[in-house]
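Student:
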Amino acid sequence: MLTFSILTPENLALALLVASLAGVVKGMVGFAMPMILISGLGSFLSPELALAGLMLPTLTTNLWQGLRDGPRAAMASLGRFRLFLVVGAVCLFASAQLVGILPAGVLLTVIGAPLVVFAIWQLLGQPVTLREASRRIEVAMAVLGGSLGGLSGVWGPPVVVYLTALGTPKAEQMRIQGVLYLLGSIALVAAHTGSGVVTPASMAFSAALVPAALAGMWIGYRLQDRIDQAAFRRATLAVLLLAGLNLIRRGVMG
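Under this note's numbering, the first residue of the sequence shown carries the number -13, and numbering increases by one thereafter.
#1: Identify which residue in R235, L228, R236 and V238 has its Cα closest to the Cα of V11.
#2: Taking the alpha-carbon positions, what's the L130 to R208 distance?
#3: Can M41 and M189 be called in contact, C-beta distance under 9 Å?
#4: Contact defined as beta carbons within less than 8 Å: I believe L37 pairs with I22. What is the distance between those atoms, to the nearest angstrom?
#5: Give a yes or no on whether the C-beta atoms belonging to L226 and A105 are separated by under 9 Å.
#6: For the pair the region 2 to 18 and the region 197 to 216, tell me if three or more CB-CB distances fall below 8 Å.
#7: Distance check for V238 and P57, CA to CA, integer angstroms please.
#8: Let me make sure I understand the geometry here. Which of A199, A187 and S63 has the alpha-carbon closest to that of I162?
#9: Would you say A201 and S6 are within 9 Å of each other, going by their C-beta atoms?
#10: What separation, rounded to the nearest whole angstrom, lies between the Cα atoms of R236 and S32?
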């Protein structure tokens, strides 16, 4: 079996467990799957294989998330955030070519620290809000998200900061994240076809993780449907705080 040619059955079983956990969290708050997969898989696999492993699970779960309310709602979200998508995709493609050349530690730390401050500030009851969408802030978040995504496969936190600051309702935030991350997932796979990360063996491994990720996401959806907007916001901020701390950890420790 092609998957077993690049990792042991024990490592595959552990990878399936990580994918299931990532699916549960994504189903609850709409993001963090790449963060959990890259951190979990990277603890016992090479960084390149961990990055490849997250590609197909994130793509399929984002497809489900983005289309959960139907194609028409997804297209409306696509139109609303088209600037974010274009800028983020350009930055993702550009930064993906620097994998293995540019040390990502500084970038991870610089992005992670503000996320931690933002999440703690919000959780302490000091809201940071935007009355309306700002093109400059949207472009800035797209640059951060795209650059981070190309280097590490994790592009969600800047998106979540922007949507949370806008006070986006739960259902709409889930849908918008799904649409944005779906196109980001496609761009990530395309960007790494020439970087050496995407190979037949690594994609077979990534495909093996898809059922576990989908099953976990189904559980996460059931949990998310039971909580209100306030609880959803707190859960989102808690995961965002963990995401920021994880980025700092990766930036400092490698």
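Just so you know, even glycine gets a beta-carbon here, dropped at the ideal spot from N, CA and C.
Tutor: Once the coordinates are examined:
#1: One-based indexing of the sequence shown puts residue 11 at position 25. Checking every option, the nearest Cα to that of V11 belongs to L228.
#2: Taking the first residue of the sequence shown as position 1, residue 130 is located at position 144. Taking the first residue of the sequence shown as position 1, residue 208 is located at position 222. Going by the C-alpha atoms only, they are around 31 Å apart.
#3: Your numbering for residue 41 matches position 55 in the sequence shown. Your numbering for residue 189 matches position 203 in the sequence shown. With contacts defined as CB atoms closer than 9 Å, M41 and M189 qualify as a contacting pair.
#4: On the sequence shown, position 51 is the one that residue 37 refers to. On the sequence shown, position 36 is the one that residue 22 refers to. The beta-carbon separation of L37 and I22, rounded to 13 Å, does not stay under the 8 Å limit for a contact.
#5: The count along the sequence shown starts at 1 and reaches residue 226 at position 240. The count along the sequence shown starts at 1 and reaches residue 105 at position 119. Yes, Cβ-Cβ distance for L226 and A105 is below 9 Å.
#6: Short answer: they touch.
#7: Here the question's residue 57 lines up with position 71 in the sequence shown. Here the question's residue 238 lines up with position 252 in the sequence shown. If I take the Cα positions, the gap works out to 42 Å.
#8: For the purposes of this step, residue 162 is taken as residue 176 along the sequence shown, with counting starting at 1. Closest option to I162, Cα to Cα, is S63.
#9: For the purposes of this step, residue 201 is taken as the residue at position 215 of the sequence shown. For the purposes of this step, residue 6 is taken as the residue at position 20 of the sequence shown. Yes. Within cutoff.
#10: Locating residue 236 in the sequence shown gives position 250, where the first residue counts as 1. Locating residue 32 in the sequence shown gives position 46, where the first residue counts as 1. Cα to Cα, the separation comes out at about 14 Å.
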